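K.L.:
When we follow our numbering, the leftmost residue of the sequence shown carries the number 5, and every step to the right adds one.
Can you read through this structure? Questions will come right after.
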Amino acid sequence: MKRTTFDRSLTRNIESRICSKRHADPPPHRSARCLQPRSGTPLDGRTSRVEIQPFFDEQTSTLTYVVHDGRFAVVIDPVRNYDPKSARTSWRSAEEVAAHLDREGLSVPYVIDTHAHADHMTGLPFFKARYGARSVTGSRVGEIQRVFRDIFDLGDAFPVDGRPFDVLIDEGMRLRFGSLEVEALHTPGHTPAHMSWKIGDAVFLGDTLFMPDYGTARCDFPGGSASTLYDSIQRLYAMPEATRLFVCHDYRPGGRPVEHQTSVGEQKRKNVQIDAHTTREQYVAFREKKDAELEAPALILPSIQVNIRAGELPEPAANGTAYLKIPLDKLGGCGR
Numbered sequence: 005m006k007r008t009t010f011d012r013s014l015t016r017n018i019e020s021r022i023c024s025k026r027h028a029d030p031p032p033h034r035s036a037r038c039l040q041p042r043s044g045t046p047l048d049g050r051t052s053r054v055e056i057q058p059f060f061d062e063q064t065s066t067l068t069y070v071v072h073d074g075r076f077a078v079v080i081d082p083v084r085n086y087d088p089k090s091a092r093t094s095w096r097s098a099e100e101v102a103a104h105l106d107r108e109g110l111s112v113p114y115v116i117d118t119h120a121h122a123d124h125m126t127g128l129p130f131f132k133a134r135y136g137a138r139s140v141t142g143s144r145v146g147e148i149q150r151v152f153r154d155i156f157d158l159g160d161a162f163p164v165d166g167r168p169f170d171v172l173i174d175e176g177m178r179l180r181f182g183s184l185e186v187e188a189l190h191t192p193g194h195t196p197a198h199m200s201w202k203i204g205d206a207v208f209l210g211d212t213l214f215m216p217d218y219g220t221a222r223c224d225f226p227g228g229s230a231s232t233l234y235d236s237i238q239r240l241y242a243m244p245e246a247t248r249l250f251v252c253h254d255y256r257p258g259g260r261p262v263e264h265q266t267s268v269g270e271q272k273r274k275n276v277q278i279d280a281h282t283t284r285e286q287y288v289a290f291r292e293k294k295d296a297e298l299e300a301p302a303l304i305l306p307s308i309q310v311n312i313r314a315g316e317l318p319e320p321a322a323n324g325t326a327y328l329k330i331p332l333d334k335l336g337g338c339g340r
């Protein structure tokens with residue numbers, strides 16, 4: 005499918021083709037868990053048919069969301085499962101999401117990544133193949149591709165212009181389909197290309213804010229900035245206090261049950277790293293000190309070299325096997 009940065013046809017209501025392709029049965033792996041949505045999930049109270057369904061991937065503590073109006077759905081931050089011990093991949097978490105989509109009889113025009121994740125492989129290809137969805141991310145993803153093309157020595161032919169993502173979105177652009185309108189919010193800091201996504205009174209945060217008892221995302225990846233993330237969080241805090249916020253990860257401090265939804269007001273009152281009174285200087289000093297003590301994410305090396313390809317695995321070698329690279333002593337920009 006030809007990639008586009010943005011075109012007016014994206015604002016029209018579209019019918020997504022349903023592909024009949026099915027993926028091979030993967031090796032055993034813990035799948036995503038369908039969570040019970042909080043009450044009040046319908047957006048803005050405008051229609052009871054627009055709903056949010058979260059799914060939690062236990063291995064990576066990642067939350068995937070299905071937002072739908074009864075006919076059309078968007079999938080946000082899906083997961084491809086990866087076992088680092090055996091280097092086996094599977095679609096078990098994506099299949100859990102697909103089972104929900106199929107039960108509801110939903111078409112999927114778009115599947116979105118908030119950013120190029122460093123802690124799990126993206127599930128974008130699954131939804132492209134099965135539902136004909138178009139993969140969407142922020143337009144500055146090319147900056148991330150350029151950095152990691154060099155780290156992984158992928159060669160000059162490796163694209164650094166956003167390919168092979170289908171749709172590249174800038175601040176303020178909207179995707180419209182069915183009764184849904186998805187607005188892109190540029191919220192850099194964790195990465196320079198990071199986007200959050202606003203649908204009605206709900207914002208899907210990606211890696212900006214986590215639940216209030218955990219805090220905020222790290223900022224030590226290439227191009228990351230604690231000061232920039234502070235600005236992005238202040239933008240979120242300027243929204244109405246009732247605005248609902250949906251996190252991308254929940255690390256369950258103290259072993260509490262999984263949570264996925266908070267609000268602007270709750271974050272401003274309770275976030276343990278940045279409440280309404282935290283100054284830029286306080287936050288930056290805290291975040292940079294904490295990041296200097298963090299190890300690199302466990303799955304950063306397999307994840308990022310797949311995710312900058314929009315989730316596609318590298319081309320197989322002559323023997324038919326795809327290989328990932330392990331660069332030695334190259335990740336000084338994040339963790340120890």
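Here a beta-carbon is modelled for each residue, glycine too, at the ideal position from N, C-alpha and C.
Treat the numbers as computed from the prediction; the structure is a model and nothing was measured.
What did DSSP end up calling serine 90 once you bin it into helix, strand or coil?
P.N.:
In the sequence shown, counting from the first residue as 1, residue 90 sits at position 86. If DSSP states are grouped into helix, strand and coil, serine 90 belongs with coil.
K.L.:
For aspartate 174, which of Pro192, Ser183 and Arg84 has the nearest alpha-carbon?
P.N.:
If you number the sequence shown from 1, residue 174 lands on position 170. Per the Cα distances, Pro192.
K.L.:
Just to confirm the assignment, what range does the alpha helix (DSSP H) spanning arginine 153 have?
P.N.:
Here residue 153 refers to the residue found at position 149 when the sequence shown is read from its first residue. Run containing arginine 153: 145–155, per the alpha helix (DSSP H) assignment.
K.L.:
Would arginine 341 and methionine 125 be called neighbours here (beta carbons separated by less than 8 Å)?
P.N.:
Since the first and last residues shown for the chain are 5 and 340, residue 341 lies out of range.
K.L.:
For leucine 158, which residues in the same chain have their Cβ closer than 6 Å to its Cβ, ignoring the five residues on either side in sequence?
P.N.:
Indexing the sequence shown from 1 puts residue 158 at position 154. Hits under 6 Å: none found.
K.L.:
With three or more C-beta pairs closer than 8 Å as the rule, is the stretch 265–282 touching the stretch 240–248?
P.N.:
Taking 8 Å as the limit for Cβ pairs, the verdict is that the stretch 265–282 does touch the stretch 240–248.
K.L.:
Helix, strand or coil for threonine 308? Go by DSSP, reduced to three states.
P.N.:
Locating residue 308 in the sequence shown gives position 304, counting from the first residue. It should be pointed out that residue 308 corresponds to isoleucine in this sequence rather than to threonine. Helix, per DSSP.
K.L.:
Answer yes or no: does any C-beta atom of chain C fall closer than 8 Å to that of valine 288?
P.N.:
As a matter of chain content, chain C is missing from the structure shown, which is built from one protein chain.
K.L.:
In whole angstroms, what separates the C-alpha of phenylalanine 59 from that of valine 151?
P.N.:
By 1-based counting over the sequence shown, the position of residue 59 is 55. By 1-based counting over the sequence shown, the position of residue 151 is 147. So the alpha carbons of these two residues sit roughly 31 Å apart.
K.L.:
If you drop the 5 nearest sequence neighbours on each side, which residues of the same chain put their C-beta closer than 7 Å to that of tyrosine 327?
P.N.:
The residue given as residue 327 occupies position 323 in the sequence shown. Cβ neighbours of tyrosine 327 beyond the five flanking positions: Pro318 and Ala321.
K.L.:
Let me know the secondary structure DSSP gives alanine 242 once reduced to three states.
P.N.:
Here residue 242 refers to the residue found at position 238 when the sequence shown is read from its first residue. Residue state, collapsed to three classes: coil.
K.L.:
Leaving aside the five residues before and after aspartate 254 along the sequence, list all residues of the same chain whose C-beta is less than 8 Å from its C-beta, in chain order.
P.N.:
As a first step, residue 254 must be located in the sequence shown, where it is residue number 250. Within the same chain, aspartate 254 has close Cβ partners Phe60, Ser65, Leu67, Phe214, Met215, Tyr218, Val262, Glu263 and His264.
K.L.:
Determine the direct distance from the alpha carbon of arginine 144 to that of asparagine 311, and round the result to whole angstroms.
P.N.:
Position 307 of the sequence shown, counted from the first residue, corresponds to residue 311. Position 140 of the sequence shown, counted from the first residue, corresponds to residue 144. Those two C-alpha atoms are separated by around 14 Å.
K.L.:
Mind reading off the beta-carbon distance from proline 306 to proline 88? Whole number of angstroms is fine, and I expect it under 8 Å.
P.N.:
As a first step, residue 306 must be located in the sequence shown, where it is residue number 302. As a first step, residue 88 must be located in the sequence shown, where it is residue number 84. Indeed, because the Cβ distance is near 7 Å, the residues count as touching under 8 Å.
K.L.:
So valine 268 is in the alpha helix (DSSP H); what residue range does that whole segment cover?
P.N.:
What you label residue 268 is simply residue 264 of the sequence shown in a count that begins at 1. Unbroken alpha helix (DSSP H) run through valine 268: 268–274.
K.L.:
Suppose you measure from the CA of arginine 138 to the CA of phenylalanine 131; what does that come to, to the nearest Å?
P.N.:
Within the sequence shown, numbered from 1, the residue matching residue 138 stands at position 134. Within the sequence shown, numbered from 1, the residue matching residue 131 stands at position 127. Approximately 8 Å between the Cα atoms of the pair.
K.L.:
Alpha helix (DSSP H) containing proline 129: first to last residue?
P.N.:
As a position in the sequence shown, residue 129 is number 125, starting the count at 1. First-last of the alpha helix (DSSP H) with proline 129: 128–135.
K.L.:
Is DSSP giving serine 65 helix, strand or coil here?
P.N.:
Against the sequence shown, residue 65 aligns to sequence position 61. Coil at serine 65, not helix or strand.
K.L.:
Phenylalanine 76 to glutamate 297, Cα distance in whole Å?
P.N.:
Translated into positions along the sequence shown, residue 76 becomes position 72. Translated into positions along the sequence shown, residue 297 becomes position 293. C-alpha separation (whole angstroms): 43 Å.
K.L.:
Identify the residues that DSSP records as bridge partners of leucine 179: which are they?
P.N.:
As a first step, residue 179 is located in the sequence shown; it is residue number 175 there, counting from the start. For leucine 179, which the question treats as bridged, DSSP gives the partners Val186.
K.L.:
Can you tell me whether DSSP reads lysine 329 as helix, strand or coil?
P.N.:
Indexing the sequence shown from 1 puts residue 329 at position 325. In this structure, lysine 329 counts as coil in the three-state DSSP scheme.
K.L.:
Around the Cβ of glycine 176, are there at least 16 other Cβ atoms within 10 angstroms (buried) or fewer (exposed)?
P.N.:
The residue you call residue 176 lines up with position 172 of the sequence shown. Glycine 176 should be labelled exposed.
K.L.:
Within 10 angstroms of its Cβ, does leucine 332 collect 16 or more other Cβ (buried), or is it exposed?
P.N.:
Looking up residue 332 in the sequence shown gives position 328. Under this definition leucine 332 is an exposed residue.
K.L.:
Do proline 301 and alanine 122 come within 8 Å of each other at the CB atom, strictly closer than that value?
P.N.:
One-based indexing of the sequence shown puts residue 122 at position 118. One-based indexing of the sequence shown puts residue 301 at position 297. Yes. Within cutoff.
K.L.:
Identify whether serine 236 lies in helix, strand or coil by the three-state DSSP scheme.
P.N.:
Here residue 236 refers to the residue found at position 232 of the sequence shown. Residue state, collapsed to three classes: helix.
K.L.:
Would a C-beta distance cut-off of 8 Å place arginine 341 and alanine 230 closer than the cut-off?
P.N.:
Look at the range of the chain in this structure, 5 to 340, and you will see that residue 341 is not part of it.
K.L.:
Is the beta carbon of glutamate 245 less than 8 Å from the beta carbon of valine 276?
P.N.:
In the sequence shown, counting from the first residue as 1, residue 245 sits at position 241. In the sequence shown, counting from the first residue as 1, residue 276 sits at position 272. Their beta carbons are not under 8 Å apart, which means glutamate 245 does not touch valine 276 by this criterion.
K.L.:
Can you tell me whether glutamine 341 is buried or exposed? The criterion is at least 16 other CB atoms within 10 Å of its CB, across all chains shown.
P.N.:
The structure shown has nothing for residue 341, since the chain only spans 5 to 340.
K.L.:
Examine the ligand GDP and report whether any of its heavy atoms sits within less than 7 Å of the Cβ of valine 310.
P.N.:
Among the ligands in the structure shown, none appear at all, so the ligand GDP cannot be discussed.
K.L.:
Nearest to glycine 74 by CA position, among Ala188, Phe181 and Leu209, is which residue?
P.N.:
If you number the sequence shown from 1, residue 74 lands on position 70. Per the Cα distances, Phe181.
K.L.:
How many Å lie between lysine 1 and leucine 209 at the Cα?
P.N.:
Look at the range of the chain in this structure, 5 to 340, and you will see that residue 1 is not part of it.
K.L.:
Do you know offhand how far isoleucine 80's Cα is from valine 70's?
P.N.:
As a working note, residue 80 is residue 76 in the sequence shown. As a working note, residue 70 is residue 66 in the sequence shown. If I take the Cα positions, the gap works out to 7 Å.
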